[in-house]
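K.L.:
In this note's numbering, the protein residues as written are 1 to 173.
Cβ atoms here follow ideal geometry from the backbone N, Cα and C, with glycine treated the same way.
No experiment lies behind these values; they were computed from the predicted model shown.
Please see the structure below; I have some questions.
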Ligand code: PNS
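As structure tokens, this is what we get:
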């Protein structure tokens, strides 16, 4: 039997119930799963710093002994080789995710043919959920119940309150 180590990369800003759903599924499929937080260069200023995101993720995976959380920078495929990982796990929610995910998977395979991308679908109830939408709802004081774990909801609200009490003129991303 092969020993499959998979990397689940993402921004996780913040981790959502959709991400956790995928982590549970991935932990059943792979021998080891590394949830790897990275900066997405296409996205603006993050809400949480890397360490805060790591803390939140770690608190959510305590029962899963084949899952760890890490932070990386640079190319995902270089990180995979460094970790001896042979797979990348990505979630696909809707057709709209497909184009970008296909491009990323094929480019990663071109750069590093030893690493395969595996796509998994989260539960349908999370198919409309994203970290971006969680941040937006939270900034507008909307309900986050069922979208993120309770401790994450608390931290999101606290963080947004902190940012909103910054001096006038500060641009919230
Ligand atoms: O959760 P996200 O924002 O969709 O995650 C995107 C992420 C972090 C997985 C992607 O931006 C990434 O892989 N960044 C690392 C840099 C890299 O390898 N870029 C080339 C991709 S083909």
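Contact check, residue 48 vs residue 159 under 8 Å by CB: the rounded distance?
P.N.:
At roughly 6 Å, the Cβ-Cβ gap stays under 8 Å, so residue 48 and residue 159 are in contact.
K.L.:
Could you check where the beta strand (DSSP E) with residue 37 kicks off and where it finishes?
P.N.:
32 to 37
K.L.:
Less than 8 Å separating the beta-carbons of residue 69 and residue 35?
P.N.:
yes
K.L.:
Using the beta-carbon count (16 or more within 10 Å), is residue 54 buried or exposed?
P.N.:
buried
K.L.:
With distances taken from CA atoms, which of 115, 82, 58 and 16 is nearest residue 135?
P.N.:
The residue among 115, 82, 58 and 16 with its C-alpha nearest the C-alpha of residue 135 is 16.
K.L.:
Quick check on residue 70: does DSSP put it in helix, strand or coil?
P.N.:
strand
K.L.:
Count the C-beta pairs between the segment 112 to 119 and the segment 143 to 156 that are closer than 8 Å, then say yes if the count reaches three, no if not.
P.N.:
Taking a contact to require three or more Cβ pairs closer than 8 Å, the segment 112 to 119 and the segment 143 to 156 do not qualify as touching.
K.L.:
Drop a sphere of 10 angstroms on the beta-carbon of residue 102, count the other beta-carbons inside from all chains shown, and report buried for 16 or more, exposed for fewer.
P.N.:
Counting of Cβ neighbours within 10 angstroms places residue 102 among the exposed residues, the total staying below 16.
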